[in-house]
Each structure stands twice: as structure tokens, then as C-alpha cells.
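Peer 1: Chains as they are written, first to last, in this note's numbering: chain U, 3 to 357; chain Z, 3 to 357; chain A, 3 to 357; chain X, 3 to 357. Quick reminder that beta carbons are idealized off the backbone N, C-alpha and C, glycines included.
There are 4 protein chains.
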Amino acid sequence: MPGNTFGQLFRISTWGESHGETIGVVVDGCPAGLPLTEKDIQKELDRRRTGQSKVTTTRKEPDRIRIMSGLFKGKTTGTPIALMVENRDADSSKYELIKHLYRPGHADFTYDMKFGFRDYRGGGRSSARETVGRVAAGAIAKKLLARHKIRVFAFTRQIGEHVAQKFNRNEIEKNIVRCPDKKVAAQMVEAIMQARKQGDSLGGVIEVVAQGVPPGLGEPVFDRLDADLAKALMSLPAVKGVEVGVGFEAARLKGSECNDVFITQNKTITTATNNAGGILGGISNGNDIVVRMVVKPTSSINREQDTVNQKGKKAKIRVEGRHDPCVAPRAVPMAEAMAALVLIDHLLRHQQSQL
Amino acid sequence: MPGNTFGQLFRISTWGESHGETIGVVVDGCPAGLPLTEKDIQKELDRRRTGQSKVTTTRKEPDRIRIMSGLFKGKTTGTPIALMVENRDADSSKYELIKHLYRPGHADFTYDMKFGFRDYRGGGRSSARETVGRVAAGAIAKKLLARHKIRVFAFTRQIGEHVAQKFNRNEIEKNIVRCPDKKVAAQMVEAIMQARKQGDSLGGVIEVVAQGVPPGLGEPVFDRLDADLAKALMSLPAVKGVEVGVGFEAARLKGSECNDVFITQNKTITTATNNAGGILGGISNGNDIVVRMVVKPTSSINREQDTVNQKGKKAKIRVEGRHDPCVAPRAVPMAEAMAALVLIDHLLRHQQSQL
Amino acid sequence: MPGNTFGQLFRISTWGESHGETIGVVVDGCPAGLPLTEKDIQKELDRRRTGQSKVTTTRKEPDRIRIMSGLFKGKTTGTPIALMVENRDADSSKYELIKHLYRPGHADFTYDMKFGFRDYRGGGRSSARETVGRVAAGAIAKKLLARHKIRVFAFTRQIGEHVAQKFNRNEIEKNIVRCPDKKVAAQMVEAIMQARKQGDSLGGVIEVVAQGVPPGLGEPVFDRLDADLAKALMSLPAVKGVEVGVGFEAARLKGSECNDVFITQNKTITTATNNAGGILGGISNGNDIVVRMVVKPTSSINREQDTVNQKGKKAKIRVEGRHDPCVAPRAVPMAEAMAALVLIDHLLRHQQSQL
Amino acid sequence: MPGNTFGQLFRISTWGESHGETIGVVVDGCPAGLPLTEKDIQKELDRRRTGQSKVTTTRKEPDRIRIMSGLFKGKTTGTPIALMVENRDADSSKYELIKHLYRPGHADFTYDMKFGFRDYRGGGRSSARETVGRVAAGAIAKKLLARHKIRVFAFTRQIGEHVAQKFNRNEIEKNIVRCPDKKVAAQMVEAIMQARKQGDSLGGVIEVVAQGVPPGLGEPVFDRLDADLAKALMSLPAVKGVEVGVGFEAARLKGSECNDVFITQNKTITTATNNAGGILGGISNGNDIVVRMVVKPTSSINREQDTVNQKGKKAKIRVEGRHDPCVAPRAVPMAEAMAALVLIDHLLRHQQSQL
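(1) Hey, is T266 of chain Z's beta-carbon within less than 9 Å of any beta-carbon in chain U?
(2) Around the Cβ of D30 of chain X, are there at least 16 other Cβ atoms within 10 angstroms (buried) or fewer (exposed)?
(3) Anyone know if the C-beta pair for D48 of chain X and K145 of chain X falls short of 9 Å?
(4) So if I threshold CB-CB distances at 9 Å, which residues from the segment 343 to 355 of chain A count as touching chain U?
(5) Rounded to whole angstroms, what's the CA-CA distance from T59 of chain A to G124 of chain A? Just pull it up for me.
(6) Taking 9 Å as the CB-CB cut-off, is T273 of chain U touching chain A?
(7) Within the 9 Å Cβ cut-off, does P299 of chain Z reach chain U?
(8) In terms of residues, what are the limits of the beta strand (DSSP E) holding F264 of chain A?
(9) Alpha carbon to alpha carbon, what distance is there between V186 of chain A and V165 of chain A?
(10) In whole angstroms, give me the CA-to-CA distance for R305 of chain A and P216 of chain A.
(11) If you measure beta-carbon to beta-carbon, which residues of the segment 217 to 242 of chain Z are closer than 8 Å to chain A?
(12) Let's test the definition: count the other Cβ atoms within 10 Å of the Cβ of P37 of chain A and tell me whether it reaches 16, buried, or not, exposed.
(13) V207 of chain U and F250 of chain Z: beta carbons closer than 9 Å?
(14) So A34 of chain X and F169 of chain U are in contact, right, with Cβ under 8 Å, and what is the actual spacing, rounded?
(15) Can you have a look at S95 of chain U and say buried or exposed, based on whether 16 or more other CB atoms are within 10 angstroms of its CB?
(16) Please tell me whether A317 of chain Z and G140 of chain Z are closer than 9 Å, where the distance is taken between their beta carbons.
(17) Buried or exposed, going by whether 16 or more other CB atoms sit within 10 Å of the CB of H102 of chain X?
(18) Could you tell me whether the Cβ atoms of T272 of chain X and N289 of chain X are closer together than 9 Å?
(19) If you run the structure through DSSP and keep just helix, strand and coil, what is E13 of chain X?
(20) Could you spell out where the beta strand (DSSP E) holding K318 of chain X opens and where it closes?
(21) Mind checking who A156 of chain X pairs with in its DSSP beta bridge?
(22) Got a sec: is the Cβ-Cβ distance from M70 of chain U to anything in chain X below 9 Å?
(23) Applying the 10 Å Cβ sphere with the 16-neighbour rule, what's the burial state of A330 of chain A?
(24) Would you kindly work out how many angstroms separate the C-alpha atoms of V296 of chain Z and A253 of chain Z, rounded to a whole number?
(25) Which same chain residues, not among the five before or five after H108 of chain A, have their C-beta less than 6 Å away from its C-beta?
(26) Return no unless some Cβ of chain U is closer than 9 Å to the Cβ of K318 of chain X.
(27) Is it buried or exposed for A148 of chain U, if we count other Cβ within 10 angstroms and need 16 for buried?
(28) Is E259 of chain Z close to chain U, meaning its C-beta is less than 9 Å from at least one C-beta of that chain?
(29) Which residues in the same chain as D347 of chain U place their Cβ atom closer than 7 Å to its Cβ, once the five residues preceding and following it in sequence are excluded?
(30) I'd like to check one pair, E209 of chain A with R171 of chain A: are the Cβ atoms closer than 9 Å?
(31) Does any residue of chain Z have a CB that is nearer than 9 Å to the CB of L11 of chain X?
(32) Between X:S55, X:I25, X:Q312, which lies nearest to V179 of chain X when the distance is taken from Cα to Cα?
(33) CA-CA distance, N268 of chain A and E221 of chain A?
(34) List the DSSP bridge partners of S286 of chain X.
(35) Given a cut-off of 9 Å, decide if H21 of chain Z and A84 of chain Z are closer than it, judged by their beta-carbon atoms.
(36) Along the chain, where does the alpha helix (DSSP H) that runs through M3 of chain A open and close?
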């Protein structure tokens, strides 16, 4: 059954494989009248692009966006917006050699089990390359959110043992790991280079923050804002966990420590602390939305691993394609995009609820 | 916009409030021919029932299930199954006193912001009482899964500082906190009673395990099995985080440590370790599905807290209703139900994909 | 796969069988703050009730509505509204005799083919009794529409050879066939009584009109207003066709005859004629919405017919249950309900589109 | 709210405007392993292409299909299939002159009302050019149906006063109006040419037949097979009515005439007549599915008509673009495509229901 559509009122349908001809997305539900250019989208794609620094894969994809429909005189018309990039630098040769082997940590085995057939070139549809469509759609979502003074950003909080200690909003996009702590960022880069040298990889934690979100977003009891954010982030490749506000730390807190007391500030009701991460009962409370996701260390590592082939026979494998030694830096724009898609969808849903 | 329906092929729509007349659910998509009795459902409701032990609220709801449609001669007919319980022991008097105040940690404020109007008796729809419908539907899901030899169970892994050190499957339902480690269970009970005495509450971690899940379940790229499990669990009251397999620990692992190598066992391809928690690329790999969720300490605490009233004026509040001092024990059947609902939905979706 | 839910933003999920315990519906997406009483719903149920006149079945169901959730202090809260009636006068004895035979024109055979199993008492879920839930939900839809000054009504245009020649809005509910032409109404009654006497039945045409619908409702290209109305009406039992405006007559018209020219009236742009039935390009144009549906003659007739049993063996059947000799009169409130459900859904969808 | 997605298990999302850059569709839910080439799709697009005969518009669009994703080694992979054609022969000059006027019978006014903004070139998204995506997706649906020995075809039954009297399956694609009666086809062509000469247009009726449909397709109570077919066909441009089997004629029939009695033929239960059009209780009964739709006469006519401009001021308009004088011939492949999309969706849904 199809699973490539996301969102209810702001809905995206993505297509494309790592080494197929194109990657793209149809955005349905964008209101009419939004000024939109290819540049608006390109700048987000450039942030997720391969080959942007020494800590990312060396595959060089220009990722030039083409808006194929839905615009007239520079504005959205309320009809579907189709966005597409052509794949240019796919190199499938390395994959021919291992097409009968199951790469540990990858979706080769599970795709075979599901579909009985698989595009093994670069992981096919299971590749993170698929997120081009998400990030492109997310750029439109961010532009709409900006109209409502909602701003979404993300950053790398942790890579391996290195955890950001300081938060400087302006620092994030200045370093290649997208960490808000300049000093720790340098340690992260060093750790990644070290791991790569050892034919290994690192995991990390990304934090997403949304500011300016009005209270009231989220549709209990199932389509809660936190539930939809959890699904959105967990649907990204390599993500193994999602938490909101204090998250897993909540297990060790007492109610008297965890509750955020209500206060009035600038004539607005808000909370004195933000352990809730901006969400109560599945609905935004006006405070910053704070969500974190963990990405596992890249499964493709340049060292010999045990595995089996499609017939179950023991084999050795060494994955030689071009890979990020740590996906966290490029996962930052992906996480932002997914959070933005959820927020615009829920903003539209909430505005509707109040009619 | 409506948000009270969950699932695609096995779909539930719930209704009801804490102090309303009834709580219920319509289950649509259950295949015809499944033998089903009220007893099948009652036994699960009894596990989530209030007043079942000294660590739960003293509200006494019999929660007698009534099957209102969809059965003929003791079997499901493929048409909607409506399930209902009458609310019997609602005591709204305590809520009249605090109806203009916002209870910290609760959804009072956000429901007011969303709907401009709120059933303040017992939290209305935001109450965990709403999960009666989920658990009832989950009982049907579990029965269907059992036909496919899939078994779902959950347990309390952690409460406050106390973490289960041993795993004894048979121990879980023998103690009132549903912990698989008898010794730690006793400590947990002690900790909860202590917290209650102090007018405070505790958080915890629930782990859900699904055994016998065939490889192939999950619909990339958005409706991944892990993404849908994350949404399902995060949609439960008080949940602030969800993780799969190694979860947040993945941030500290290297690829060579985190990857599960493929092996052949009993002529079946599986993995030597299960860091992935049974899911690769969003699709089950045949290994046990392992998911955890964290519940925050109960927001209702029997001590004075600061807050504001609906007009934003400072106030003091003491929440005097009947509450669980720790929601973990009763969250166990809720987590099981949600996981079962996701699994049966994806089992049906996967079988459909292969046609 | 489930098919018992209708609507996107105003969404209903129905349950129940002809001779089961209860019939009901969950309404999700009704905005908060609407005053609602059981009386509002009862009056519509009374219009579709069995036994209301000599041209309807003699089954006597009081159809007492119970609102089971979603109200507080007499107003909707924005949470699901569950509505239910208990079945009281089911008589299954007649059905035991023919349980292995397929009644011509009925869904016995197709339900067996679909589910491999069937509740044969009164047609089970395929009975028009299922529409109790629709009409109950439609009553809420109508009340919401009235707030926006939108009024939906329907009437019997044709029964057998008798076609209404005059239109008197006030006459409709005054006669038992719900025909706006008093004289023709009498002929219709006579024709129905005649058919019943002969152990036969009659078909008819129902027309639905919606007044006050603002321009802009409908979501091309698939969820057009006319497309959703067509689905809604065609989903009613016994309906074999739906048309909008001039409908099938359009095949014989020329463009110059069929086009409605635009004019300005009371400073509002409208059309001089209404061949379009108020819908252009799938979107309402502000003129009256006019839709018609045809109902086939009741399949249950009190005379011997040829058929086969479940094993395919030839048999004779005489259907002796209690049946309407013509479904048109009671189909009037059903058609109104479905049209109202589509209109409120699209009103909410359109308001959302404009944000 | 978005309305450009159709189908549940076989789901399509279309994009594109008459004079935009591209037209396309994403098909999600096509099972893996289906051999598919661009030729399979091209042949259907060629049937709906403009400029194919003297009774169609003179706009010359090659409509070269490009498969942009979802294939590997000539087979579908179970992932989304994106299909696209580039618009080549759009001529927007004629539309600049009338951009402030509302063309009678067109969606100009309603799109302005809905979106407050409109791509006026060639009708933008409201143009029948949008159906390229539907027909392309329908080609895949037809190929899948053929695997199950289900064949869908359509033909022109009526144009103006001319109604086919004979049915020769092989004749349909041999004449330019796609009528199964050679003699009447010639009269239809003559009538169309005559209408065009007079600056006028004609309406017509298309009949769709599906053979080999197994019993059991359709999901009561809302997603009935007939209800979904009605929505699908009514969502095509210019359609004003849909009927199944005897359709509107049912109003004049008696139950004893309309009921199809069950018989056994070749050891299979079927019906002696097919007044039901192959659908009972919303579920296919194994007989041929027979559905008809009426298309209104083309709204664009080459003669002066009254209208108003966007400010409501009276004006005269003459629509000079290139148009079909009767849409029926090209609506035949469109109707086939929509019926095929519904049938494959319901085939998958039914197979799922039986698991």
C-alpha cells in the first residue's frame, strides 16, 4: 500500500531513487498567492547537497531545482506544485559488485523481503537521496510559516561523545557540522575525520526548534502535534529515536520538577520553564517547540563486515560507494524540512478547526 | 480538523471524555470470520482499569464492554465493530473549584486555546480515560495478530531511578508495576508510594516487544513501521519520547558497533544482534521489534503550585482529583494496544502490497 | 479495506446492521460551540423513520437518538460526537427461511462473495437501516450549514410514470410521498398502493436543492463538489444514477443553449439560467445547487421469483419481510443528509483553502 | 484543501496546467514486478491527444511521455512512478484579450472565487489538458487489470440527437467519434462538423464497460464500487451525470422488471439480465460493469455571448482559442482511464479485505 504521501492539508507526494533519472515531489494544498521562485527552494537544497564539505560524501550533485507547475506570474495558484531535480552524478558501478549481498544496517534485505525485487543501485528508494523532495517541499513550508512569523531551525547537538555546551544561533551555519558551539564543532569535525580514516562512522543528535508557533496547533487524540512530529522525524533515514522537551530525562523527574508553571508575560499566558518542549496534551502552548532526533552512525563503512548473500550464504562485504561518515550535518536541513511540513499542516488544520 | 481516527486498513475512530456518558470506538477493517467475544476485550480493559492496585487512582470504573455491532453468530462480519463502555464513577465536584485555573502540565490551557471552550471535568477528552477505546480496539488487533503468530507485550523498564536489571517474561503481570524484574519491581512500588506520600509523582519508561513479526512490514518513505510506531506511542497521554532498538544510545556508537551483521539461522536470514530493534529502512527485518517510550511524571500532584487563571491572573492551585502517582503501570496495556494496532495495520498493508 | 468513513474535515464513521443491537455514527470535525440537542437530531430521524405512513414498511422503530459524547453544557466541544439508536423491532424469523437463497436485486450474493460470510437478518449491513447514522450526522451538518445561511432540502420529483409538474416548497412535507406538486402527489400515492397490491414496487427520482451556497466550494481536480455529491448520493442504497443541473439532457443541447451567461444582479455576479446546477469546473458558482438521483424499484417484492441458493441450485423465492413498496419518500431525508454532509465538508475545506 | 489525489491503494497525484511547463502524475501503490515501458503509456496518450482528427482541437501536442522514476530493468519496483509530458504548443495570446472576462460555462469565475487569483491561459488547471496525467496513470491501471483478465473499454453512445443503435466492439476505434455503430458514427461526425460551422458545439453520452471483473469489489457503505465510479467519472471536465446499468430508466420500472434473477451458468452464479450494471449493494456481482456519463456541449463556442468582467460589468465575449466542438470522442479514453483507476484500486482493496 502506498506510503509516499505526507500531510493532510499541506500534502506532499515524493518520487525518485538514488540512481534513477529524477527526484521530485508534488506539493498539494499550498494556498494561492505566495510569491515563489526557484531560488527560494535552491537555497535549501544547497544546504542538504552532497559534496558541500569534507565531512560529506564526494558525490557531486548540482541538484538544480525545476518548478514544473503551480506558478503563474511568480505566485502560487493554489494548484499542485511539482518540483524536480535531475540526477547527474550517479555511479552505479560499485553496486554491481555487491548486488547479491546484504549490506549490514541497510534496507537491502528488507526491500527484497517487501517487494521481492529491488533497485540495488545506491540503495534505490531507501537512499537518503530521496529526501531531496522533502527538503524542496519544506522550503515552501518554511516560506509560508515565515508569513505567520514562525521560524524553524535545527542544529547538531551531539556527534559521538561530543555534545554542544553553548548555544550561539549565528554559529550554526558557519561550521560544517552545523553545531551552535564553535569549539565543540571543531571537535566534532576532528572526530568525524578520525572515524572516516578508520573506515568507521559516527552517530549524532539533531535538535529542532520552532519559534513563534501560536498556541492551539495539534489535533488530539491521534494527530497530536508531538505525534506527527515524531512520525515526521522518525521517517527520515537513520533516525532511531525522537523526544520532545525534556524527553527521556522525564523518567527521572518528579511531577513537581517536570511541570511547567503558568505565568503571564507581556499580557500573554506562557510557562516559566519549557520542559514540555512547547506541547501540552498534543497541542502547542505558545512556547518554543523543541524536538530532538538521534541518527545512527552511517551504515556504510569502509571496512570488511560479515554478511550473507540473497541465498543466505555467508560472505564478506566492504561497502565502497561514496558516503557521509556522519549523517548529522546534512540531516539538519532534512529535520528542519520535516518539522516545517508538520507545522504548516497543523497551522492550516488549526485555522480550519476554528471556523 | 478531525484527528480521532487512526490506521489505514485497520482503522479506529474513538470517542468519549473522562466525565461524559460513554467512551467508545468504531473498528473498521477487521476481516470477516474472526471469533470474538466481549471477554476477549474485557480482559485487556481490566488490565488498564483504574483502581486495580494501590499504585493507581482510586476512581472505580467497572469498564464493562458492550459490542454494539459487527458480529454475527460469534464472528466478525467484516463490517464496523462498535465498542462502548458507560462511565459510572465520574466525580466532577473537584473540578468545579478549579475550572478557571490552568493545571500545570495539563492540557487545560491548550484546549482552551484550540477550541475556545472546554469540558473541564476530569480533563474531558484530554484525559487518559480516552484510551479505553484504544485498548478495546487493541484487543481485537492482538487477536488477529495471534492468528499470524505475532505476539505483542510491554513492560515497565524504568520508574524514577529504578531500572529493571533482569528480564523474566512471566514476572511482568505478577507485580503491580508490571516490571519483569521482581526485585526492582518492589523498589518501584516503594518509590511510587513514597512520591504519593510527598504529594508528588514519578515518570518511567515502557518497553514494547513484538515477536514473530515477519520481514516486510512498513511502507516507505513516510509510513515506515518505525515512524508509525513513533506516532502511535507519542499519541498516548504523557509520552515525551520514543526510541527503537539502541535508540538514543546510537549517538555514541560507531558504525562498526551499531550495524547488525546478517547471519543465517535455521535456514532463515536474520541478524546476529538487534541494535536496529527489528526495523531497517522502515521495514521489519524479522527480528523482534523493540520500542521504548518515556512517560512524564503525572502532572496532577497533591501540592500547591503556581499558575494563572483564564484571564492570566496569578493563582495557586492544588489538584485534588483521584490520580495515578505514576502512569507507567497502566501505560503498559496502552502501549501494547497501540503497537498492536500499528502492526495489524501494517500486516494488512504489506499483504496487500504483495498482491 | 474499510469503507465506512465519509468526509475529510467533517468526517463520519457509521456502524450497525438491520437486526443488530444498535445503529450509530461518530462525527469528527464538528467545530466547538455549536448548540446541539437530541431534539435537533430526532426530528430528522423521524422523517426517515419506518412506519410513518401507509407507503412505508410496517416495521416500527422508535429510533430514539442518544448523544453519547462530544457535548458539554449543551454545546459541541470540538471532540467526536457519538450518536446511537437501539434496534427495537427487528424480526429475523422471516430471514431464517431464506438464508441460503439469494434475493434478486439484493446484496446477499455480493456480500457472500466479498466476505465469505453474511449477517442475513434483514440484509445486515446492506440494509437501508444503516442510513440512520447518516441522517443523524446530517442533522448536525444541516445545523452548521444554517449558521452560514445555507439551506438544503429534497423532494420526490418522480415515481414511476408520475412526474411533478408544479413546485410548491411548502407542499413537500405535507404529503406522504414528499412531492412538491399536491395533485401529482396523490397520483404517486395511488400508484404505490397499486403496486403493493400487485406484490410489486416502484422506482423514482429525488431532487436535492441547496440554497445560499457561496461560490468557491469544491476542490479540483478530483474532489470537485459535483464529484463528491455524486459519490455521496450514489452511496445510498438503491441509487443507480446521479445528475447535476440539466444532467443527461445535456447530451441533446448545443453549447449556445447549455451555457449559462453571466450577469450582475444585486451587485453580485451570477448566471441568468442555471443549467449548470450551480457548479462550474467542480466549484460552486453561487447559484442554487441542483442534483438529482434515481432510486430503483424496491428489490423486495411479494411475489415468487426465480433465484439460486448458495450452492447455485435453482430455487423459487418470495420475500416476505416488511418493506417499502417505493423507497423514494424515505430517501428524501437520506439524500438531504448526504448533500448536507458534502456541503459542510466542502465549506470547511474551502474556508481552509483561503487562509 | 488539496483535492488532486485519487485512490486509496492505487493512488495518483496529478499536476499541471493547460499552458504551464509540464503535465504529470505520480502513481503510488503499483505493485512491484510489472513490466512497463513508455510505449504502454504512449498508446493511451495518443488516443486522448489533441489534433488527432477533424473533430478535435487543432492544438498540436506530441504528448511524449517520460517515466521519471519507479522502474528498474524494465519493471516496476513498488515505489512511486512519476510520469511527465512537456507542454509544447501552448498559445496564450488569445487569452490575454479575455483575461478579465468570464467565459460562460467555464470555470474562470469559480476559480477566481475560490483562489482569488487564476492562471487564465487556456483555463489553467481547469482545462481538460489536466487529464493527461489521468490517462497516463490509467494506462498502468489497465495493464495491471489485464493481468487479472479484466478489460475496460468505452465508447460514444450518443452525440446530440444521434444514438448508437448497433454495437460492434471492433468498430469503436475505427471511426473518429469512437462510436460502435458505423452508420451512426458518420451521422455524428456530420453533426459535429455542422455545429462547428455554426460556431456551436454538441454534448454526448459515453458508456464504459468492464469485463471480467470478479464478484466482491466495492467497500460499503461509502466506498461502494458504483459510488467511486460515479465520483471518478463526475470528476472529469464537462461531465454532468453518471448512471449505472438501467440508470435513470429505473424510475419507470417495476421491481419485477428491474430485478435481475440469479441463474447458474458454467457452474458460476450470475444474473439472467444485467439491469444492475454489474453492481449490487455497491459490490460487483461478476457480470459486466456498465456505466454511462453525459458530457455537456463544449462551453467554448465561436460566437458572441453575453457575459460580465471581473468587476461585474456587462461585456460581450467570443472565445477564439482552439477547441473540440464535441468532447465526447476524446472523453472516451479519459472515461476508460478513470474506470480503470477505480477498478484496480478496488481490486487491491478487495484482495486485502479477504486476507
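Peer 2: Answer, in terms of the structure:
(1) For the purposes of this step, residue 266 of chain Z is taken as the residue at position 264 of the second sequence. Judged by the 9 Å Cβ criterion, T266 of chain Z is in contact with chain U.
(2) As a first step, residue 30 of chain X must be located in the fourth sequence, where it is residue number 28. Around the Cβ of D30 of chain X, a 10 Å sphere holds 16 or more other Cβ atoms; the residue is buried.
(3) Along the fourth sequence, read from residue 1 onward, the residue named residue 48 of chain X stands at position 46. Along the fourth sequence, read from residue 1 onward, the residue named residue 145 of chain X stands at position 143. No. Outside cutoff.
(4) Within the segment 343 to 355 of chain A, those residues whose Cβ lies closer than 9 Å to any Cβ of chain U are, in chain order, L349, L350, R351, Q353, Q354, S355.
(5) Position 57 of the third sequence, counted from the start, is the residue given in the question as residue 59 of chain A. Position 122 of the third sequence, counted from the start, is the residue given in the question as residue 124 of chain A. Each residue's Cα considered, the two are about 13 Å apart.
(6) For the purposes of this step, residue 273 of chain U is identified with residue 271 of the first sequence, where counting begins at 1. With 9 Å as the cut-off, T273 of chain U does not count as an interface residue toward chain A.
(7) As a position in the second sequence, residue 299 of chain Z is number 297, starting the count at 1. Among the CB atoms of chain U, one or more fall inside 9 Å of the CB of P299 of chain Z.
(8) Translated into the one-based positions of the third sequence, residue 264 of chain A becomes position 262. Segment 264 to 267, the beta strand (DSSP E) holding F264 of chain A.
(9) Taking the third sequence and counting its residues from 1, one reaches residue 165 of chain A at position 163. Taking the third sequence and counting its residues from 1, one reaches residue 186 of chain A at position 184. Taking the straight line joining both Cα atoms gives about 7 Å.
(10) Residue mapping note: residue 305 of chain A aligns to position 303 of the third sequence, counting from 1. Residue mapping note: residue 216 of chain A aligns to position 214 of the third sequence, counting from 1. Distance between R305 of chain A and P216 of chain A, taken at the CA atoms: about 49 Å.
(11) Within the segment 217 to 242 of chain Z, no residue qualifies.
(12) Counting from 1 along the third sequence, the entry for residue 37 of chain A is found at position 35. With fewer than 16 other beta carbons inside 10 angstroms of its own, P37 of chain A counts as exposed.
(13) As a position in the first sequence, residue 207 of chain U is number 205, starting the count at 1. As a position in the second sequence, residue 250 of chain Z is number 248, starting the count at 1. Cβ atoms of V207 of chain U and F250 of chain Z: closer than 9 Å.
(14) Here the question's residue 34 of chain X lines up with position 32 in the fourth sequence. Here the question's residue 169 of chain U lines up with position 167 in the first sequence. Rounded to the nearest angstrom, the Cβ distance from A34 of chain X to F169 of chain U is 46 Å, too far for a contact under 8 Å.
(15) In the first sequence, counting from the first residue as 1, residue 95 of chain U sits at position 93. Label assigned to S95 of chain U: exposed.
(16) Within the second sequence, numbered from 1, the residue matching residue 317 of chain Z stands at position 315. Within the second sequence, numbered from 1, the residue matching residue 140 of chain Z stands at position 138. Here A317 of chain Z is not near G140 of chain Z, since their CB atoms are 9 Å or more apart.
(17) Here residue 102 of chain X refers to the residue found at position 100 of the fourth sequence. Around the beta-carbon of H102 of chain X, fewer than 16 other beta-carbon atoms lie within 10 Å, marking it exposed.
(18) Within the fourth sequence, numbered from 1, the residue matching residue 272 of chain X stands at position 270. Within the fourth sequence, numbered from 1, the residue matching residue 289 of chain X stands at position 287. In this structure, T272 of chain X sits near N289 of chain X, with a CB-CB distance shorter than 9 Å.
(19) Translated into the one-based positions of the fourth sequence, residue 13 of chain X becomes position 11. It is worth fixing the name first, because residue 13 of chain X is Arg in this sequence and not Glu. The answer is strand: DSSP assigns R13 of chain X an E or B state.
(20) Counting from 1 along the fourth sequence, the entry for residue 318 of chain X is found at position 316. According to the DSSP assignment, K318 of chain X belongs to the beta strand (DSSP E) that extends over 316 to 319.
(21) In the fourth sequence, residue 156 of chain X corresponds to position 154, counting from 1. Answer is X:V210, bridged to A156 of chain X.
(22) Translated into positions along the first sequence, residue 70 of chain U becomes position 68. Taking 9 Å as the threshold, the shortest C-beta distance from M70 of chain U to chain X falls below it.
(23) Your numbering for residue 330 of chain A matches position 328 in the third sequence. A330 of chain A sits buried, since 16 or more C-beta atoms from the chains shown fall within 10 Å of its C-beta.
(24) On the second sequence, residue 296 of chain Z is found 294 positions in, with the first residue counted as 1. On the second sequence, residue 253 of chain Z is found 251 positions in, with the first residue counted as 1. Those two C-alpha atoms are separated by around 18 Å.
(25) Position 106 of the third sequence, counting from 1, holds the residue named residue 108 of chain A. So the qualifying residues of the chain are S301.
(26) As a working mapping, residue 318 of chain X is identified with position 316 in the fourth sequence. Not a single CB atom of chain U sits nearer than 9 Å to the CB of K318 of chain X.
(27) Taking the first residue of the first sequence as 1, we reach residue 148 of chain U at position 146. So A148 of chain U counts as exposed.
(28) Translated into positions along the second sequence, residue 259 of chain Z becomes position 257. Yes, E259 of chain Z lies at the interface with chain U (some Cβ there is under 9 Å from its Cβ).
(29) Residue mapping note: residue 347 of chain U aligns to position 345 of the first sequence, counting from 1. In the same chain as D347 of chain U, and ignoring 5 residues on each side of it, the C-beta atoms closer than 7 Å to its own belong to G9, Q10, L11, F12, in chain order.
(30) Taking the third sequence and counting its residues from 1, one reaches residue 171 of chain A at position 169. Taking the third sequence and counting its residues from 1, one reaches residue 209 of chain A at position 207. For R171 of chain A and E209 of chain A, no; Cβs fall outside 9 Å.
(31) Start at 1 with the first residue of the fourth sequence, and residue 11 of chain X comes out as number 9. So, interface residue.
(32) In the fourth sequence, the residue the question calls residue 179 of chain X occupies position 177. It is X:S55.
(33) Residue 268 of chain A sits at position 266 when you count from the first residue of the third sequence. Residue 221 of chain A sits at position 219 when you count from the first residue of the third sequence. Straight across, the Cα-Cα distance linking N268 of chain A with E221 of chain A is about 27 Å.
(34) Taking the fourth sequence and counting its residues from 1, the one referred to as residue 286 of chain X is at position 284. Beta-bridge pairing by DSSP links S286 of chain X to X:I281.
(35) In the second sequence, the residue the question calls residue 84 of chain Z occupies position 82. In the second sequence, the residue the question calls residue 21 of chain Z occupies position 19. H21 of chain Z is positioned such that its CB atom lies no closer than 9 Å to that of A84 of chain Z.
(36) One-based indexing of the third sequence puts residue 3 of chain A at position 1. For M3 of chain A, there is no enclosing alpha helix (DSSP H), as DSSP gives it neither H nor E.
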